[in-house]
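**Student:**
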Amino acid sequence: MRSPALRHVLTHLITPLLMCVGMGLAYMGAFVTPEPHHLPVAVVGTTPQAKVFAQTVKDTAGEKLDVRTVATRADAVDLLESRDVTGAYVPSAKAPELLVASAASDMGAMAVEKVFTPVAAGQGVPLKVTDVARPVADDPTGQGLFFLMIAVSIGSYASVAALGAAGAALSMRVRALLAVGVSVVVGCIGALLAGPVFHLAHHDLAGVWAMAWLYSAGILLIGVGLHTFLKRWTTLTMMVLFVMLNFTSSGGLFRPELQNGFFGTLHAFWNGAGFVEGVRSLLYFGDDGLGRTVWTLVVWLLAGVLLTVAAALYEGTGRTRREAAHAGTEAGAASAGTETGRTGPRHARDEAAREAAREAEEEVEESVGV
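Per the numbering used here, the sequence shown starts with residue 1424, numbered consecutively.
(1) Here's a check: name, in chain order, each residue in its chain whose Cβ is nearer than 7 Å to the Cβ of V1663, leaving out the five neighbours to either side.
(2) DSSP puts K1654 in a beta bridge; with which residues?
(3) Among H1461, Q1478, P1463, whose alpha-carbon lies nearest the alpha-carbon of T1469?
(4) Can you tell me which of the three DSSP states R1491 falls into?
(5) Under 9 Å between the Cβ atoms of P1459 and L1681?
(6) Could you work out which residue in V1721, T1719, G1648, L1725 is closest to A1734 when comparing CA atoms only?
(7) Checking 9 Å against the spacing of the C-beta atoms, do A1822 and A1511 come in under that value?
(8) Going by beta carbon distance, what residues of the same chain come within less than 6 Å of G1630, once the five residues before and after it are set aside?
(9) Relative to the alpha-carbon of E1520, which residue among M1533, G1531, D1507, R1496 has its alpha-carbon at the smallest distance?
(10) For the beta strand (DSSP E) containing V1464, name the first residue and the last one.
(11) When you compare only the Cα positions, how much space is there between F1476 and G1712?
(12) Whole angstroms are fine: how far does the CA of T1509 sit from the CA of V1490?
(13) So what's E1520 in DSSP terms, helix, strand or just coil?
(14) Quick one: using the 10 Å Cβ neighbour count with 16 as the cut-off for buried, is V1548 buried or exposed?
(15) Taking contact to mean at least 3 C-beta pairs separated by less than 8 Å, is the stretch 1658–1674 in contact with the stretch 1574–1581?
(16) Relative to the C-alpha of R1506, which candidate in D1710, V1717, F1670 has its C-alpha closest?
(17) What separation, rounded to the nearest whole angstrom, lies between the Cα atoms of L1659 and G1646?
(18) Do F1652 and A1527 have their beta-carbon atoms positioned less than 9 Å apart in this structure?
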């Protein structure tokens, strides 16, 4: 290609076009056709009739449902509150009841209701739906936590551009400390949005802040560490890790049982799922399962720490090599009796510094624009 300017523009178009493909595949693959896959439900009752009914439901649904029987209604409520089942059906000839926990997943509750409403209709009786864990009135669908995760995510991965590119002249230790500081601020913003601004969290706001900080710090440290190795491709990598794969597997809109196996599997260990499910545990389910989600976020944070350490070692080794090369070049020029002028090593270093500054500015603009 003859025009350097045109080649430069086309090179920078690669990232947004890859993002277009990736976002389409991820979002449409995860959200367009939600279908139950081994959706866990319970039937209350230990009589032969209850067991036959549960088996009939299982046979009719096939792989869409995993059906178990429990002895009492209280047992079914416990399973819902621990999020081991998505719904529980209490058979009755006169007043059948469906138990759900919409705070765990509004879409999951709707899917279970869609399964059991025709069953009651076939008996000629109305179905009573009881929600044992309802979201706060300020967040009637329970999806506010998903959008809170998006806000915290954007504040985190967008800051990586400034810390990695614009802060390239700073030592890795300083960049890492700045990343931790930014994560504190992002956590505070998340807590403000969840509490005073939109009232998603009516209690345990300090816990919400802590979860947001853990989540944000992991993203920031991973991004700062990756930037050393990937440079301008860091933006695309961060979008893949913390948007395409993260938002889609978080369970904020659809629980993993309503998605295909790929996103359902990611839900078990991805950091967005750790944040969303952790805050749900904190706000609606009496901290049930909170320890596991906190450890998920801690593991991601430790991965970020390891990446920044590796990046610091890599940069230190590279700096030593460059200094040795510069010293050798200057020594050679001096021994030959030449003067380091506009065409000498100093000029080369100045040109390299200016080029690095231009690349950093372009990277920041590209990242923030995306």
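By construction, the Cβ of each residue, glycine as well, lies at the ideal position given by its N, Cα and C atoms.
Values in this document were obtained by computation on a predicted structure and should not be read as measured data.
**Tutor:** In terms of the structure at hand:
(1) Counting only Cβ-Cβ distances below 7 Å, and skipping sequence neighbours, we find G1445.
(2) Per DSSP, none; premise fails for K1654.
(3) Residue Q1478 is the option with its Cα nearest to T1469.
(4) Strand at R1491.
(5) Using a Cβ distance threshold of 9 Å, P1459 and L1681 count as a contacting pair.
(6) From the listed residues V1721, T1719, G1648, L1725, the smallest Cα separation to A1734 is found for G1648.
(7) In the structure displayed, the chain extends from 1424 to 1793; residue 1822 sits before or after that span and is not available.
(8) Closer than 6 Å at Cβ, skipping near neighbours: L1705.
(9) Comparing Cα positions, the closest option is R1496.
(10) In the DSSP assignment, V1464 falls within the beta strand (DSSP E) that extends over 1462–1467.
(11) Using only the alpha carbons, I get a separation of about 31 Å.
(12) Spanning the two alpha carbons is a distance of roughly 11 Å.
(13) Three-state result, E1520: strand.
(14) Looking at its Cβ environment, which holds fewer than 16 other Cβ atoms inside 10 Å, V1548 is exposed.
(15) These segments touch.
(16) Ranked by Cα distance from R1506, the options D1710, V1717, F1670 are led by D1710.
(17) Inter-residue distance for L1659 and G1646 is about 11 Å (C-alpha atoms, whole angstroms).
(18) Not in contact: A1527 and F1652 (Cβ atoms no closer than 9 Å).
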